[in-house]
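Residue numbers for the sequence shown follow my numbering, so the first one is 170 and each next one is one higher. Just so it is clear, CB atoms sit at the ideal spot from N, CA and C, and this is done for glycine as well. Comments concern the structure below.
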Amino acid sequence: MVPRVLRPRRAAPADAVRPTRAEINLDALRRNLRVVRAHAGSARVWAVLKADAYGHGAPAVARTLERSGVDGFCVALLEEGVELREAGITAPILLMGGHYDNAHGEVIARGLVPVVYDAKQVEAFARLVRAGAVPGPIDVHLKVDTGMGRLGVTLADLSELGARLAAVREVHVRGLMTHLACADAEDDGYTLEQMARFDEAVAGLARHGIRPDVLHAANSAAVLRARARLDAARPGLALFGVAPRAGEARSLGLRPVMRVRTEVVALRDVGVGACVGYDSTWRAERPSRIATLPMGYADGLPRRLGNRGHVLLRGRKAPIVGAVSMDMTMIDATAVPDAAVGDEVVILGAQDGEHGSSSIGAEEIAVQADMIAWEVFTGISRRVPRFYREP
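Encoded structure:
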C-alpha cells in the first residue's frame with residue numbers, strides 16, 4: 170500500500186550546523202512513566218503523544234515508552250498515527266481527533282483505533298466492511314461530550330446514536346470516553362458533574378445493549394489527583410515532567426525531559442544609550458556587554474520574552490534584551506564578564522556553570538510569556554533537532 174498521508178521532516182541531528190538543539194532525557198521519561206503508573210492504580214496507561222509528543226519527538230518517545238511497558242498511545246491526527254506505525258510502533262494507537270474525511274480505509278489499514286461521535290462516521294467505517302475492504306467488525310471508541318463543548322455526542326443525542334450503533338453489526342464499540350475540562354482546578358465540582366454525565370452515558374448505552382470494555386476520561390491532572398481513573402488513563406504533560414498544577418512536579422517525583430540549549434555566537438560592548446534589536450525596545454542604562462544567540466521565535470523562543478525573560482549563561486541567569494528576532498536573540502551578559510563566544514546558553518532546563526547552578530522550567534517561561542507549559546514544549550519548532558540522551 171502506498172502511503173497517502175505525508176508528514177513534514179524535522180531537522181536531523183546529523184545535519185545540524187547551528188548549536189541550537191533540544192536534548193531529550195529518555196531516563197527522565199521512563200521515570201515519569203513510573204510515577205504516572207503509580208498514580209493510575211489498576212488503570213491502563215495510554216500515553217498521549219499528539220503534537221509530536223508535545224514537541225519531544227513522537228517516534229523516539231513512543232519507542233522508549235513501548236519498551237517500558239506502556240499500554241498504548243493516543244494521538245490527535247491520522248498523520249501522527251501513521252508516523253508512529255512507520256517508526257515501528259506496534260502498541261495500540263487511539264486516534265482521538267475524529268477527522269477522517271475519505272481516509273477511513275487508511276485508518277484501519279494502519280492498525281489505528283478510531284474515535285467516533287456521530288452516525289456518519291459509524292456508517293463510513295461500516296461500509297468498508299460491507300464492501301469487503303477490511304474485515305469486521307471494526308473496533309471504535311465512542312466519545313461523549315459531558316461538558317467540554319468541543320467534540321463528542323451529547324447526552325441529548327446519545328440514545329439515537331446508541332440505537333444506530335446497536336443496529337450496525339460491522340462496528341463494535343470497544344471503548345467509551347470523554348474529555349475533562351477542569352481536572353486541574355482546585356474545585357472538583359465540574360469534574361464530578363462531568364463524571365456523573367458520563368455515568369448517564371454508560372447507562373444509556375447499556376439500554377441499547379452496548380457495553381464497552383474500556384471506559385476512560387482521565388488526563389494527567391486527573392491521574393495525578395486520583396480522579397476519574399476508570400479502566401484507562403490518558404496522561405500527556407506529566408510524562409514530560411510538568412504537573413498540570415504549577416509547582417507540584419518535583420514533589421510528585423516528575424523530572425523534566427526536555428532541555429533546550431544554544432551557544433553565544435557574538436559579543437559586543439555597547440555604551441550608555443545604545444539600543445538593541447528591532448524597534449529599539451531596549452536601551453543601555455550602563456556600559457553593557459551584549460551576547461547574540463542563534464535562536465529566535467521561528468525556533469520556539471517566544472517573542473513575548475523580549476525584555477522579560479531570561480536564559481542561563483555559565484550557571485547564572487542573564488536577561489533577554491530587545492525584541493526576540495525570527496532567528497536570533499540578544500541577552501545582557503554584563504553580569505557574566507568572563508562570557509565568551511562558544512559558551513553554552515540554556516533556554517529551557519538546568520545548567521551547572523562557573524557561577525553556580527540554576528534552571529528555567531517550562532512553567533516559568535509560560536508565566537513570563539503569558540502562555541501555558543503545553544505551548545512552550547509544542548512551540549519548539551521542527552528546525553530545532555532533537556538529540557536523545559541516556560544519562
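Between V204 and L423, the C-beta spacing is below 7 Å. In this chain, T431 is not harboured by any alpha helix (DSSP H); it is covered by the beta strand (DSSP E) spanning 427-432. DSSP links P283 through a beta bridge to L264. Note that the C-beta distance between L218 and A231 is below 7 Å. For G442, the closest alpha carbon among the candidates V429, E432, D382, P456 is that of P456.
DSSP, reduced to helix, strand and coil, places G491 outside both helices and strands of the structure shown, so it counts as coil. Within the segment 287-357, the runs of alpha helix (DSSP H) that reach at least 4 residues and sit entirely inside it are, in chain order, 288-299, 324-336.
Around the C-beta of D221, 16 or more other C-beta atoms lie within 10 Å, and the residue is accordingly described as buried. Put simply, the segment 408-420 does not touch the segment 462-477. Fewer than three CB pairs are less than 8 Å apart. In the three-state reduction of the DSSP assignment, D521 falls in the strand class, which pools E and B. Taking the CA atoms as reference points, G416 sits about 45 Å from A293. For I459, the enclosing beta strand (DSSP E) stretches over residues 457-462. Leaving aside the five residues that flank V284 on each side, the residues in its chain whose CB is nearer than 8 Å to its CB run, in chain order, L263, L264, M265, G266, G267, V309, H310, L311, K312, M346. In the three-state reduction of the DSSP assignment, I277 falls in the helix class. Here E513 carries a strand assignment [DSSP, helix/strand/coil]. According to DSSP, H479 shares a beta bridge with P488. At a Cβ-Cβ threshold of 7 Å, A538 and R473 count as neighbours.
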